[in-house]
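Chains A and B are the protein sequences, given in the same order.
Letter by letter, the first sequence follows residues 1 to 347 of our numbering.
Letter by letter, the second sequence follows residues 348 to 694 of our numbering.
Written out below as structure tokens is the structure these notes cover.
2 protein chains.
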Amino acid sequence: MAGVVENRQVVLKEYIDGIPKESDMEMKSEKVALKAPKGSGAFLVKNLYLSCDPYMRGRMRNFHASYIPPFVPGQPIEGFGVAKVVDSDNPDFKPGDYISGLTGWEDYTLIYNNTSLSQLRKIQPDDCIPLSYHVGLLGMPGFTAYVGLYEICSPKKGEYVFVSAASGAVGQLVGQLAKLHGCYVVGSSGSSQKVDLLKNHFGFDDAFNYKEEADLDAALKRYFPQGIDVYFDNVGGDMLDAALLNMRVHGQIAVCGMVSLHSFSDPKGIHNLHSLIPKRIKMQGFLQSDYLNKFPEFLEHVSERYKQQNIVYIEDMNEGLETAPAAFVGLFSGRNIGKQVICVARD
Amino acid sequence: MAGVVENRQVVLKEYIDGIPKESDMEMKSEKVALKAPKGSGAFLVKNLYLSCDPYMRGRMRNFHASYIPPFVPGQPIEGFGVAKVVDSDNPDFKPGDYISGLTGWEDYTLIYNNTSLSQLRKIQPDDCIPLSYHVGLLGMPGFTAYVGLYEICSPKKGEYVFVSAASGAVGQLVGQLAKLHGCYVVGSSGSSQKVDLLKNHFGFDDAFNYKEEADLDAALKRYFPQGIDVYFDNVGGDMLDAALLNMRVHGQIAVCGMVSLHSFSDPKGIHNLHSLIPKRIKMQGFLQSDYLNKFPEFLEHVSERYKQQNIVYIEDMNEGLETAPAAFVGLFSGRNIGKQVICVARD
């Protein structure tokens, strides 16, 4: 039959609780017709770029009470991606359109666009902006940086901002936005190469390798002798504990991610929450998806600054769908340098 | 010499880190002239009621970087009290005036009123309101309840409110204000007598004795099958950990106190902060002293409702300055029933 092709898929084998391993996923393959069924309202896309994001780990748990359901074992992993419409039964998406949003870890995905969680939108190709940036700088991670910095915190010019996992998909933009805002910005990351990027490529005021610091409290006291006004927390754990001791009065903590979490069922304790009271600290968890009405404003703000070369962005691009499990797992040991993307196909 | 009297004092012996013990304090006595020195701007008061508040423990540490300095070992403990002016070199305070604010744990105190932290104000005696309420319902603890509920959280009618240490100086008012606001309110406390008070005297919708619950998470799931919108946290520790698992989306936690904290230098861990992100929880520490511009509004709001018998208040009144150390220490085991006050003298 014409238009039937092989569709490789990365599937979750079974639910997990701890840190993801490559063996938690496997490759499968099945035939797929390059057709969107009539009357389905769906459209079929060819996936180009897939995003590896730490939050996806939460969907690998057998936990159904969260804002988003868990993955279905045996089915392709879901994640944000950039894709090209191949066939469509949806008048809003036409063959040839580029889209970003929730898709599958596979070559081709039939998308029903039936939930706001999927954050589907058409991309206007732009010669100045790589398509893949729509899962990074201009996608969910970039918007997370924007929302966390401006909606959850309210940094003032001259304030002291600390970002953990600072060279990651979210952190690199947090730091650059805070710098453009007139803040003093220090980032932490896990290698000397990343520290170098933070200082010399992303323009952070300073940066350090947390793996070289035996005492994180002492490290933060060295980098922030005046204390921290805004902590953009991507990691949780020991760094959060140390930051709590170094916050300034009325400090703000945007709780964005806890990539250091070893286990949901037996999480490590945070010991310094008593600091919240005398320092009147606000600590707030957030999801970018609550602020989608701000997305157009974000897109314009960041695209413009990117084109003016006031913002840079680094991707860690893996080639081939089959590299996805290792790339995803690498997020939790910090193997990636910059935003982790999988290139499944180039247009 | 005329006007020289014995002045008994409760002094801190030395700095501590763990839970206060009676032996950390001792009684002393010295002579005092019942005079405010000319040119000092000070006034001399006779202390009537002294307040035992858990926050005072923080001033027993050798830690100088907080919002308020530590106590001075060998000097009388400082705390909120109600007192009567005996002699004055300050035109704003005249002999015979009743005041509330920061005073000493002693019979007589010379007050310099040189810091906003002392929260000194004149009290208009009112036949309908016991003087001692100015260190409880109408003083710092009451104002803490008001600020935490209305300024830190923003409860809506019909929302689910949980209060820990609910029969304490702060908790009893939090619950009653939340009820008047149209919320569903459950409190936790540490004895069946207190649970009875919460349900039958303070009008909480429900209450439980945390000491009888082997699994606090399960207890909260039983009392809040729909989850918690607002948690007014007076205790920290295991109850905070369990509450984190039971918050609703966009829940708010006012972090008011951590009376369960066993040690500042080796605090127990909180394990469920990862809940902050998917549930978008805001957790905020606060001090009532940041909101003093709201004090007149609070005083009017609560006095009025008290006089209309829409609010009740329970004090645990100890007689005699010498009972202060045991009464203070009792706060940390929940020995007190209601607001702990020491009566030093009755007018």
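Backbone N, C-alpha and C fix where the C-beta goes; we use that ideal spot for every residue, glycine too.
key: Val341 of chain A, buried or exposed, once every other Cβ within 10 Å from all chains shown has been counted against 16   = buried
Near-chain B residues of the segment 183-217 of chain A (beta-carbon distance less than 9 Å), N- to C-terminal order = none
query = Shorter than 8 Å from the beta carbon of Phe295 of chain A to some beta carbon of chain B?
reply = no
task = Could you round the C-beta distance between Gly285 of chain A and Ile617 of chain B to whole angstroms and report it? I think they count as a contact, below 8 Å.
result = With a Cβ gap of about 14 Å, Gly285 of chain A and Ile617 of chain B do not count as contacting.
Own chain residues within Cβ distance below 6 Å of Leu220 of chain A, not counting five before or after = Ala242 and Asn246
Ranges of the beta strand (DSSP E) found wholly within the segment 44-107 of chain A, counting only runs of at least 3 = 78-88 and 98-104
key: Alpha carbon of Phe264 of chain A to alpha carbon of His181 of chain A, nearest angstrom   = 36 Å
task = Could you name the residues of chain B that Arg280 of chain A contacts, counting a contact when the two beta carbons are closer than 9 Å?
result = Tyr414, Gln631, Gly632, Phe633, Leu634 and Asp637
ask   = Quick one: does Leu608 of chain B have its CB under 8 Å from some CB of chain A?
value = yes
request  = Name the one or two DSSP bridge partners that Asp663 of chain B has.
outcome  = B:Gln687
query = Whose Cβ in chain B lies nearer than 9 Å to the Cβ of Gly271 of chain A?
reply = According to the sequence as given, residue 271 of chain A is His; it is not Gly. Per Cβ cutoff of 9 Å: Asp613, Pro614, Lys615, Gly616 and Ile617.
request  = Can you tell me which of the three DSSP states Ser263 of chain A falls into?
outcome  = coil
message = For a cutoff of 8 Å on Cβ pairs, would you count Met340 of chain B as touching chain A?
response = In this structure chain B extends from 348 to 694, so residue 340 of chain B is not present and cannot be described.
Residue from A:Tyr160, A:Gly3, A:Gly101 and A:Leu197 with nearest C-alpha to Val186 of chain A = A:Tyr160
inquiry  = Taking 6 Å as the limit between beta carbons, can you name the residues of its chain near Ile152 of chain A, skipping five residues before and five after?
reply    = Ala254, Gln284 and Phe286
request  = Using 10 angstroms around the beta-carbon of Ser275 of chain A, count the other beta-carbons present and answer buried if the total reaches 16, otherwise exposed.
outcome  = buried
Separation of Tyr231 of chain A from Leu177 of chain A, as counted between CA atoms = 14 Å
task = Assign Asp774 of chain B to one of three DSSP states: helix, strand, or coil.
result = Not covered by the structure: residue 774 of chain B. The range shown for chain B is 348 to 694.
request  = Please name the residue in A:Ser191, A:Asp206, A:Ser260 and A:Arg280 whose C-alpha comes closest to that of Asn336 of chain A.
outcome  = A:Ser191
message = Let me check understanding here. Comparing Cα to Cα, which of B:Asp613, B:Cys603, B:Leu563 and B:Gly604 lies closest to Leu591 of chain B?
response = B:Leu563
task = Using alpha carbons as the reference points, say which of B:Lys393, B:Ser607, B:Val419 and B:Phe418 lies closest to Pro442 of chain B.
result = B:Lys393
query = How many angstroms separate the CA atom of Arg693 of chain B from the CA atom of Leu395 of chain B?
reply = 6 Å
ask   = For the putative contact between Asp400 of chain B and Gly426 of chain B, defined by C-beta atoms under 8 Å, what is the C-beta separation to the nearest angstrom?
value = 7 Å
ask   = chain A partners of Leu623 of chain B, CB-CB under 8 Å?
value = Val255, Met283, Gln284 and Gly285
message = Helix, strand or coil, according to DSSP, for Asp206 of chain A in the structure here?
response = strand
query = Can a CB atom of chain A be found closer than 8 Å to the CB of Gly495 of chain B?
reply = no
query = What is the DSSP secondary structure of Asp474 of chain B, counted as helix, strand or coil?
reply = coil
inquiry  = In whole angstroms, give me the CA-to-CA distance for Asp17 of chain A and Asn62 of chain A.
reply    = 8 Å
ask   = For Gln284 of chain A, which of helix, strand or coil comes out of DSSP?
value = strand
key: Selection from A:Val72, A:Thr109 and A:Asp24 that minimises the alpha carbon distance to Phe43 of chain A   = A:Thr109
Rounded distance between the beta-carbons of Lys378 of chain B and Val351 of chain B, thought under 8 Å = 5 Å
message = By the three-class DSSP mapping on this structure, what secondary structure does Ser465 of chain B have?
response = helix
query = Does the beta carbon of Met348 of chain B sit closer than 8 Å to a beta carbon anywhere in chain A?
reply = Note that Met348 of chain B has pLDDT 46, beneath the 50 cutoff, so the model's placement of it is unreliable and the number below is only indicative. Chain A, which has no Cβ nearer than 8 Å to the Cβ of Met348 of chain B, makes this no.
inquiry  = Nearest by alpha-carbon distance to Leu197 of chain A: which of A:Cys183, A:Glu212, A:Ala218 and A:Gly175 is it?
reply    = A:Gly175
request  = Run down chain A in chain order and give the residues with a C-beta less than 8 Å from the C-beta of Gly583 of chain B.
outcome  = Leu273 and His274
Element boundaries [beta strand (DSSP E), containing Arg652 of chain B] = It is not in any beta strand (DSSP E) - Arg652 of chain B instead sits in the alpha helix (DSSP H) that spans Phe642 to Lys654.
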